[in-house]
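For the sequence shown, our numbering assigns the number 542 to the initial residue and increments by one for each residue that follows. Quick reminder that beta carbons are idealized off the backbone N, C-alpha and C, glycines included.
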Amino acid sequence: MQPRLRLHASKRLRLSTPTIAYPSCQCRYASLAAATTPAPSIESTMHVSTPITRHPPTQPPPYKPAEFRKTQLHRIYTSLIRSSPLMLVFQHNNLKASEFSGIRRQLNFALEKVDAELSTEASPSIIGKYTELQIVQTGIFASAVKVAESFNPDSSSDTQQTRATNTSPQYTHSLSKSAWKTARSAKVQTGLEPLLSGPLVVLTFPLVSPQHLKAAMTILAPSEGFPAPKRKANPGLYEPSIQSGLQKLMLLGARVEGKVFDLDGTKWIGGISGGLDGLRAQLVYMLQSLPATLTNTLEGAAKSLYVTVESRRQDMEPKEEKTDQPEAEQKAE
Numbered sequence: 542m543q544p545r546l547r548l549h550a551s552k553r554l555r556l557s558t559p560t561i562a563y564p565s566c567q568c569r570y571a572s573l574a575a576a577t578t579p580a581p582s583i584e585s586t587m588h589v590s591t592p593i594t595r596h597p598p599t600q601p602p603p604y605k606p607a608e609f610r611k612t613q614l615h616r617i618y619t620s621l622i623r624s625s626p627l628m629l630v631f632q633h634n635n636l637k638a639s640e641f642s643g644i645r646r647q648l649n650f651a652l653e654k655v656d657a658e659l660s661t662e663a664s665p666s667i668i669g670k671y672t673e674l675q676i677v678q679t680g681i682f683a684s685a686v687k688v689a690e691s692f693n694p695d696s697s698s699d700t701q702q703t704r705a706t707n708t709s710p711q712y713t714h715s716l717s718k719s720a721w722k723t724a725r726s727a728k729v730q731t732g733l734e735p736l737l738s739g740p741l742v743v744l745t746f747p748l749v750s751p752q753h754l755k756a757a758m759t760i761l762a763p764s765e766g767f768p769a770p771k772r773k774a775n776p777g778l779y780e781p782s783i784q785s786g787l788q789k790l791m792l793l794g795a796r797v798e799g800k801v802f803d804l805d806g807t808k809w810i811g812g813i814s815g816g817l818d819g820l821r822a823q824l825v826y827m828l829q830s831l832p833a834t835l836t837n838t839l840e841g842a843a844k845s846l847y848v849t850v851e852s853r854r855q856d857m858e859p860k861e862e863k864t865d866q867p868e869a870e871q872k873a874e
């Protein structure tokens, strides 16, 4: 017996054909007309328009790929060298991270103390806040030193000829091809070549300050003229990890205002009494004393001549009086 289907169920199973809406002929032609673009004219293809800027003028493409870590380190080191008038170079021997962090903590503590001594209400000292101690890669740092010393973007000939929309690598930033060529062909010695060997640690100061340099040397490289703080004054400095790290550091030299100093020269700069203000006072005293010394030297000859003539005159006056007395006696007789 065939199964029975209810009436409302049979209505649900009824086939239904979907209604498809076909666009009219007029709408189809309108869409085709909007999609079709006219071909460019021959005259427009003959004249090349200005190329599209693919890089902003403030960040032109570097000579080497920018996504590499070495490229970014080179850029950081170049900027650090140009913005640091005072820089100390150390050599380390397998310095651990815990030792290095402890040394940086003690160094910041000593520099903050100097800032507190030199700060006034009118001009607070912030040199210690922006002083950095960091480990650098020797090869990349040596290349950055050469670029910073030999390449000057302002005096480069490519500055006037290069446009911001140019896609050629002839730009004038530190990672450009022109900077690379200039540093490669430069024959000028920077003076840091003997110091850039082995693993290095660099201490950079934003300004030249003998007081901060002395405080840093008492922590990192204590010597006879720069004694380390006593245990009672700074007990954290004598922790085993920090002392172990300090024994692995060796001061090689310094770079001050573009000039390289050895260990003795670095100690001389750190030993300037009164800092830059004291050095300026000494210079003013020398400039003031020099004219006085010159005046005394020029007046010395005239004074000696005057004294000689005056003494000769005084010697001759009694003789004239004695010769006049016999003549007066003869006339009286």
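Environment of residue i [buried if 16+ CB atoms lie within 10 Å]
i	result
S624	exposed
T672	buried
P832	exposed
V655	buried
R796	buried
S666	buried
A822	exposed
K808	buried
M758	buried
L629	buried
V848	exposed
A574	Bear in mind that a pLDDT of 49 at A574, under 50, signals an unreliable position, so the model cannot answer this.
P579	exposed
Spatially closest choice to residue i from the options, by CA coordinates
i	options	result
A762	A842, F609, E653 and Q647	Q647
G812	A774, F609 and L754	L754
L627	Q613, K789 and G806	G806
R725	L737, S738, L744 and S684	S684
N693	V749, T723 and I617	T723
S677	S782, Y671, D818 and R610	According to the sequence as given, residue 677 is Val; it is not Ser. Nearest option by C-alpha distance: R610.
Y618	E690, E658 and M827	E690
Q675	V688, L778, T661 and K637	K637
K687	A657, S660, G732 and S785	G732
R616	I681, V848 and A843	I681
V801	N649, Q730 and F767	Q730
L792	L839, E798 and Q632	Q632
I644	K670, T679 and E780	E780
G885	S738, G816 and E640	Examination of residue 885 is not possible in this model, given that the chain is present from 542 through 874 alone.
F641	D803, D818, Q788 and M857	Q788
T612	K771, L824, K718 and D818	K718
G816	L652, N635, L659 and L614	L659
S639	I622, S782, T661 and R853	S782
Cross-strand partners of residue i (DSSP beta bridge)
i	result
G794	V630
I676	V742
V688	Its beta-bridge partners do not exist; DSSP assigns none.
K800	V797
Three-state secondary structure assigned by DSSP to residue i
i	result
V749	coil
K728	coil
F609	coil
I668	coil
K489	In this structure the chain extends from 542 to 874, so residue 489 is not present and cannot be described.
E780	coil
S709	Low confidence applies to S709: its pLDDT is 47, below 50, so where it sits in the model is not reliable, and the reading given next is rough at best. It is coil, neither helix nor strand.
L761	helix
I644	helix
I813	coil
F767	coil
L737	coil
K637	coil
S625	coil
N837	helix
N649	helix
P579	coil
Q702	Caution is warranted here: a pLDDT of 48 is assigned to Q702, below 50, making its placement in the model unreliable, and the coordinate value is therefore given only provisionally. If DSSP states are grouped into helix, strand and coil, Q702 belongs with the helices.
K808	helix
K718	helix
T661	coil
K755	helix
Supposed close pair residue i, residue j - CB separation, criterion 8 angstroms
i	j	result
L748	I668	5 angstroms
A651	I760	5 angstroms
Any non-hydrogen atom of the ligand FAD within 8 angstroms of residue i CB
i	result
Q675	This structure simply doesn't include the ligand FAD, nor any ligand for that matter.
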